[in-house]
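Heads up, the thing below is written out as structure tokens.
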Amino acid sequence: MNGREEARGLTILSAMPAEAHRESILEHVRRHWGYDTLRPLQDEAINANLEGRDSLVVLPTGGGKSLCYQVPPLVHGGIDVVVSPLISLMKDQIDGLLACGYPAVALHSGMSPEDQAESERAIERGDARLLFAAPERLLTSRTRDLLRQCKPRSIVIDEAHCISHWGHDFRPEYRRLTELRRTLPDANWHAFTATATERVREDILRQLDLRDPVVLVGDCDRPNLTYRVIPRVSPKPQLLEAIRRHNEQAVIVYCISRKSTESIAEWLNQHGVDAAAYHAGLSASQRRRVQDRFMQERLHVVVATVAFGMGIDRSDVRCVVHMAMPKSIEHYQQESGRAGRDGLEAECVLLYSSADVMSWRRLMDHAAYDAGEAGAPEHQIELLEHMRRFCSSMQCRHRSLAAYFGQTFERDNCGACDICLDECKVIDDGVVVTQKILSCVARLHSRFGAAHVVDVLRGSNKEKIRSMRHDSLSVYGLLADTPAATLQSYIDQLCDLGALVRTSGDRPILQLASEAGEYLKGEREVSLRRPVAVSRSRAGRGEADWEGVDRELFDRLRSIRRELAEERGVPAYVIFGDQTLRGLAQRKPRSLGEMLEVKGVGQRKLEEFGAQFLAAIEA
Ligand code: ADP
Ligand code: ZN
Numbered sequence: 016m017n018g019r020e021e022a023r024g025l026t027i028l029s030a031m032p033a034e035a036h037r038e039s040i041l042e043h044v045r046r047h048w049g050y051d052t053l054r055p056l057q058d059e060a061i062n063a064n065l066e067g068r069d070s071l072v073v074l075p076t077g078g079g080k081s082l083c084y085q086v087p088p089l090v091h092g093g094i095d096v097v098v099s100p101l102i103s104l105m106k107d108q109i110d111g112l113l114a115c116g117y118p119a120v121a122l123h124s125g126m127s128p129e130d131q132a133e134s135e136r137a138i139e140r141g142d143a144r145l146l147f148a149a150p151e152r153l154l155t156s157r158t159r160d161l162l163r164q165c166k167p168r169s170i171v172i173d174e175a176h177c178i179s180h181w182g183h184d185f186r187p188e189y190r191r192l193t194e195l196r197r198t199l200p201d202a203n204w205h206a207f208t209a210t211a212t213e214r215v216r217e218d219i220l221r222q223l224d225l226r227d228p229v230v231l232v233g234d235c236d237r238p239n240l241t242y243r244v245i246p247r248v249s250p251k252p253q254l255l256e257a258i259r260r261h262n263e264q265a266v267i268v269y270c271i272s273r274k275s276t277e278s279i280a281e282w283l284n285q286h287g288v289d290a291a292a293y294h295a296g297l298s299a300s301q302r303r304r305v306q307d308r309f310m311q312e313r314l315h316v317v318v319a320t321v322a323f324g325m326g327i328d329r330s331d332v333r334c335v336v337h338m339a340m341p342k343s344i345e346h347y348q349q350e351s352g353r354a355g356r357d358g359l360e361a362e363c364v365l366l367y368s369s370a371d372v373m374s375w376r377r378l379m380d381h382a383a384y385d386a387g388e389a390g391a392p393e394h395q396i397e398l399l400e401h402m403r404r405f406c407s408s409m410q411c412r413h414r415s416l417a418a419y420f421g422q423t424f425e426r427d428n429c430g431a432c433d434i435c436l437d438e439c440k441v442i443d444d445g446v447v448v449t450q451k452i453l454s455c456v457a458r459l460h461s462r463f464g465a466a467h468v469v470d471v472l473r474g475s476n477k478e479k480i481r482s483m484r485h486d487s488l489s490v491y492g493l494l495a496d497t498p499a500a501t502l503q504s505y506i507d508q509l510c511d512l513g514a515l516v517r518t519s520g521d522r523p524i525l526q527l528a529s530e531a532g533e534y535l536k537g538e539r540e541v542s543l544r545r546p547v548a549v550s551r552s553r554a555g556r557g558e559a560d561w562e563g564v565d566r567e568l569f570d571r572l573r574s575i576r577r578e579l580a581e582e583r584g585v586p587a588y589v590i591f592g593d594q595t596l597r598g599l600a601q602r603k604p605r606s607l608g609e610m611l612e613v614k615g616v617g618q619r620k621l622e623e624f625g626a627q628f629l630a631a632i633e634a
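Under this note's numbering, the first residue of the sequence shown carries the number 16, and numbering increases by one thereafter.
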């Protein structure tokens, strides 16, 4: 990758950190966060900032971007500004920072005038190291005056992909940020994002007009995530199965429509799972309630539209389920990326049907007509097509994602996707099954939808079949032993392979594709996959993360964490992350000194929570 970057004239700093800063950096990291080492590229990112260079840093979700901009002001002793797109994001970050004893303030419209005035005073006194604000707030003349006075060294643009059309959360306000250059001509600029496509990166560099920037692109792979793309045959039971693999753990379920979030949440409740729906149609207070319960670990399963996500920083999400295909790989990466931010094992399940592609096309076309366009824009269709290929491919999921983001994936078997775990059984008689399905479509003169084709092949006794005399066709009952849902999935797969075509419109019809002849004659290889149950005790990485951990103790520590969080009205992870709780439940420290050695225990948290956790461990 480096070679390519250089070829485009960008500078990559393989910079060794300035020795002068190194000890001071590690000292701050230890004291505030309880970490002994820096993650890949954190060193370089922190140093770019301290050296006053502009930078673009691309690190996957959970890669540790925040630390990169939180550390420098501790070292230089001034203040830096962080531009953040959402109030909830800012709030959670500040809660987390204050719990570590880190002086950070925000200015946003969700704060009372008194709190805003207090923030301003802290800035004027020079007491704050970071100021969080939304772009529009920074551009007001009042805030500009304040900035002129306190002279921040760096402007940090978080979620910088928001500046690009090619990103997944385009925000026009981000484009105006460069106006700040006039207010603060000497500040250096740092853009952070998890979205790594080259287009988005180039857009960020150009739009923000970064000057001779250090470009740091991390490995976008998330090795702790297990990806599964499963043919959607009976969505609700399939979802329940996934949730049951993560009992009492955080799960986010993404749906496309508001209505389905509600019906699925209700169905889950009827099946003994405490779940809540979340979408933009709910009132602000309803949404806040779901969010708060989820952040405080009183609710584990949220069934949501994509409105739920940005700003939800619960780091112990163990599973993200997509009930349908997202409309781009960027969206998929962003949404599935909310799993396992703590670096511990987590699972991403995508229930896929090729019909999803048609649904998206319809939605995109309608949106385009409403905007007076002839049809969905090319770039949307292209992104959708990439997503479809990802779902229908038989290539390792980690490898496919890496390739999409322009990176290579070295391992042959990732051990963490449905393909490498050998979970999608390719059936032996794929060629014959394909011939039967295509023959049926041919006998029906390409005039019926998938459901009818399935009924004929399974030899259904329905009135519609009898009245049209389809029970006398030679193909009638040819696949009577195959469950309807499985057959439906084979049809989907044949659409993906280009043997069948599904027409658009509200009542799609199955037709033979021009290449169908080759399949009918058996001249083409076909790999049809049958969905198989995923075993509940998944071997592999997941077990390693639990090695030596006393699980009962872990659960007890978790409930202490929940109580502490509730008392303080902060998200549970602000107290300690799961990784730290597992560390405590493994090493069982007997003194504060021993406790300080556990990763994630910093000085402030030790003082505040140490005694309570020690008492629980002793008991
Ligand atoms: P991102 O913003 O890139 O998604 P975060 O900054 O939220 O990621 O970091 C993800 C998790 O990793 C957090 O729990 C954070 O405290 C932790 N983390 C960050 N840097 C380190 C480090 N050097 N050592 C251990 N844990 C770290
Ligand atoms: Zn794999």
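All C-beta atoms in this analysis are idealised placements derived from N, C-alpha and C, irrespective of residue type, glycine included.
Straight-line Cα distance separating R333 from I258: CA-to-CA, the gap between I258 and R333 works out to about 10 Å.
Beta-bridge pairing of I172 - partner residues as DSSP gives them: By DSSP's assignment, I172 forms a beta bridge with V98, A206.
Closest residue to E567 among R186, K603, L535 (Cα-Cα distance): Taking only the C-alpha atoms, the option nearest E567 is K603.
L104 - DSSP class collapsed to helix/strand/coil: Residue state for L104 is assigned as helix, using DSSP reduced to three classes.
Straight-line Cα distance separating Q85 from Y505: The straight-line gap from Cα to Cα measures roughly 51 Å.
Among T241, F309, V317, P252, the one whose alpha carbon lies nearest that of E277: Nearest of T241, F309, V317, P252 to E277, Cα basis: V317.
One or two residues paired with V73 in a DSSP bridge: Bridge partners of V73: T208, V232.
Range of the contiguous beta strand (DSSP E) that encloses V317: Where V317 is concerned, the enclosing beta strand (DSSP E) stretches over 316-319.
Contact test: H286 Cβ vs the ligand ZN heavy atom, cutoff 6 Å: At a cut-off of 6 Å, the beta-carbon of H286 does not count as near the ligand ZN: no heavy atom of the ligand is closer than that.
Cβ-Cβ separation, L459 to V448 (assumed contact under 8 Å), whole Å: Not really, about 17 Å apart at Cβ, beyond 8 Å.
Start and end residues, alpha helix (DSSP H) containing E578: Unbroken alpha helix (DSSP H) run through E578: 566-583.
Closest Cα partner of A361 within the set P238, E151, D427, A386: When each option's Cα is compared against that of A361, the closest is P238.
Supposed close pair S330, R313 - CB separation, criterion 8 Å: At roughly 17 Å, the Cβ-Cβ gap does not stay under 8 Å, so S330 and R313 are not in contact.
Residues near G141 in its chain [Cβ-Cβ closer than 7 Å; skip 5 each side]: Around G141, the same chain offers no residue with a beta carbon nearer than 7 Å, after the five sequence neighbours per side are excluded.
Same chain, Cβ closer than 6 Å to C455, five either side skipped, listed in chain order: Within the same chain, V468, V471, L472, V490 come within 6 Å of C455 by CB-CB distance, once the 5 residues on both sides are set aside.
Which residues DSSP lists as bridging G598, in chain order: In the DSSP output, where bridge partners are listed per residue, G598 has none listed.
Straight-line gap, A209 to C406 (C-alpha atoms, nearest Å): Using only the alpha carbons, I get a separation of about 21 Å.
Contacting residues, own chain, Cβ-Cβ under 6 Å from G555 (five flanking each side not counted): Here the model assigns G555 a pLDDT of 43, short of 50, so the residue's position is not dependable, and the following value carries that caveat. Around G555, the same chain offers G430 as residues with beta carbons nearer than 6 Å, after the five sequence neighbours per side are excluded.
Rounded distance between the beta-carbons of A202 and L223, thought under 8 Å: Between L223 and A202 a beta carbon distance of about 12 Å is seen, past the 8 Å cut, so the two are scored as non-contacting.
Assigned exposure category for N428 - 16 Cβ within 10 Å defines buried: With fewer than 16 Cβ atoms within 10 Å of its Cβ, N428 is classed as exposed.
Secondary structure of F405, DSSP reduced to three states: Residue state for F405 is assigned as helix, using DSSP reduced to three classes.
Residue nearest to F591 in terms of C-alpha spacing, selected from L621, G563, E609: For the residues L621, G563, E609, the minimum Cα distance to F591 belongs to L621.
Any 3 or more C-beta pairs closer than 8 Å across the region 90-108 and the region 226-235: With a cut-off of 8 Å, the region 226-235 and the region 90-108 do not count as touching, because too few Cβ pairs lie within range.
For L359 and Q594, believed in contact at Cβ under 8 Å, the rounded distance: With a Cβ gap of about 6 Å, Q594 and L359 count as contacting.
Proximity test, I434 beta-carbon vs the ligand ZN heavy atom, cut-off 6 Å: Yes, the beta carbon of I434 sits closer than 6 Å to at least one heavy atom of the ligand ZN.
Anticipated Cβ contact below 8 Å, R522 with M373, distance rounded: With a Cβ gap of about 11 Å, R522 and M373 do not count as contacting.
Presumed contact (8 Å Cβ cut-off) between A391 and M379, rounded CB distance: At roughly 4 Å, the Cβ-Cβ gap stays under 8 Å, so A391 and M379 are in contact.
As assigned by DSSP and simplified to three states, the class of K440: In this structure, K440 counts as strand in the three-state DSSP scheme.
E633 classed as buried or exposed, judged by whether at least 16 other C-beta atoms fall within 10 angstroms: Exposed.
Of the residues Q264, Q131, G617, the one placed nearest S574, counting alpha carbons only: Comparing Cα positions, the closest option is Q264.
Whole runs of the alpha helix (DSSP H) within the region 359-394, excluding any shorter than 4 residues: DSSP runs (the alpha helix (DSSP H)) wholly in the region 359-394: 370-385.
Cβ-heavy atom distance, C429 to the ligand ZN, below 6 Å: Under cutoff, so the answer is yes.
Minimum length 4: unbroken alpha helix (DSSP H) runs contained in the region 109-188: Counting only runs of at least 4 residues, the region 109-188 fully encloses the following alpha helix (DSSP H) elements, listed from N- to C-terminal order: 128-140, 150-153, 156-165.
Bridge partners - R517, DSSP secondary structure assignment: L525, per the DSSP bridge assignment.
8 Å Cβ shell around I442 - same chain, five flanking residues per side excluded: Closer than 8 Å at Cβ, skipping near neighbours: V448, L543, R544, R545.
Beta-carbon contacts of P498 that lie in its chain and below 6 Å, excluding the five residues immediately before and after: Taken in chain order, the list of residues that qualify is empty.
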